[in-house]
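Here's the structure we're looking at; comments come further down.
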Amino acid sequence: MSFEQCHRIASLMSGFNKTWFFAGGWAIDLSIGRETRQHQDIEIALFRKDQLYLKEYLNEWDFKKVVKGTFHSWKNEFLELPIHEIHALHKSNGDRLEVLLNEATDSEWKFRRELTISHPLMSVWSYSDTGIPYLNPEIVLLYKVKNTREKDHQDFIAIVDKLDDQRRKWLRGAIQLHEPKHKWLQFLT
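Here our numbering is used: the first residue of the sequence shown is 609, the next is one more, and so on.
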């Protein structure tokens, strides 16, 4: 329940003056307030428009962009869709960080896999009791419906009963648009 890794990343990011938040399984656990499973990696997300600010901020890190599943050096070019995943390695201590780029307009978050799915921008993230930002669980779960793995299902089971009616309704509608035969729909009525 210590969230030690999350606190370390939050400390690292404390001077970054753009919006960022934990994503993936850590976001689910931060929402719940306890670790529900072991995590193999740390993923943070930020808005695509802020990617070069992050690269400048983490200037002691090497960055690789992921293009069709292959790692390539990321110079200083602005990354556009379909590229959405960046891996960072600290040059001296070997720390690793995965960064996920999120789409947004001035008022809405957009689901990169289905841009017709959106969410009001200011309600995309929340903060844990200790002030750590995380991507709200309904959005994390939407990303997990494509090629759902066992750990994704564990995350769903851990959080589904904690989603309020509004979040459940939004997630159900988004899954119906993106993966209309997904097994989670039966639990979101």
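We put the CB at the ideal spot given by N, CA and C, even for glycine.
query: On the premise that Ile617 lies in contact with Leu640, defined as a C-beta separation below 8 Å, what is that separation, rounded to the nearest angstrom?
result: Correcting the residue identity first, residue 640 is Ile in this sequence and not Leu. Actually they do not touch by this definition, with Cβ atoms about 18 Å apart.
* To do: Counting only the same chain and skipping the five closest in sequence on each side, list residues whose C-beta sits under 7 Å from that of Met609.
  => Low local confidence applies: a pLDDT of 46 at Met609 is under 50, so the model's placement there is unreliable, with the coordinate-based value given in what follows. Excluding sequence neighbours, Met609 sits near Arg642, Glu643.
Give me the Cα-Cα distance between Ile636 and Pro745, rounded to the nearest whole angstrom. 6 Å
message = Quick check: the region 661-677 against the region 726-737, are at least 3 beta-carbon pairs closer than 8 Å?
response = no
_In the DSSP assignment, the beta strand (DSSP E) including Glu787 goes from what residue to what residue?_
Careful: Glu787 lies outside any beta strand (DSSP E) and carries neither H nor E.
*Unbroken alpha helix (DSSP H) run spanning Ile747, endpoints*: 745-752
Enclosing beta strand (DSSP E) for Ser736 [first to last residue] = No beta strand (DSSP E) holds Ser736; DSSP gives it neither H nor E.
*Thinking C-alpha only, which one of Leu697, Pro690, Leu743 is nearest Glu722?*
Pro690
- Can Val674 and His695 be called in contact, C-beta distance under 8 Å? yes
Original post:
Using the beta-carbon count (16 or more within 10 Å), is Lys683 buried or exposed?
Top reply: exposed
Roughly how many angstroms lie between the CA atoms of Gln613 and Tyr742, to the nearest whole one?
14 Å
ask   = Do the region 651-666 and the region 756-776 make contact, defined as three or more Cβ pairs closer than 8 Å?
value = no
In chain order, what residues of the same chain lie with their CB nearer than 8 Å to the CB of Gln784, ignoring the 5 residues before and after it?
-> Leu793
In the DSSP assignment, find the unbroken alpha helix (DSSP H) run with Arg616 in it and report its ends. 612-620
Under 8 Å between C-beta atoms of His790 and Val753 = yes
Separation of Thr738 from Ile767, as counted between CA atoms: 19 Å
_Cβ shell of Thr797 (< 8 Å), same chain only, five flanking positions each side left out_ = Arg780
inquiry  = Taking 7 Å as the limit between beta carbons, can you name the residues of its chain near Tyr735, skipping five residues before and five after?
reply    = Pro741
query: Can you name the residues that DSSP bridges to Ala696?
result: Phe671, Leu705
(Q) With a threshold of 8 Å on Cβ separation, who are the neighbours of Arg704 within its own chain once the five nearest residues in sequence on each side are excluded? (A) Asp649, Ile650, His695, Ala696, Leu697, His698
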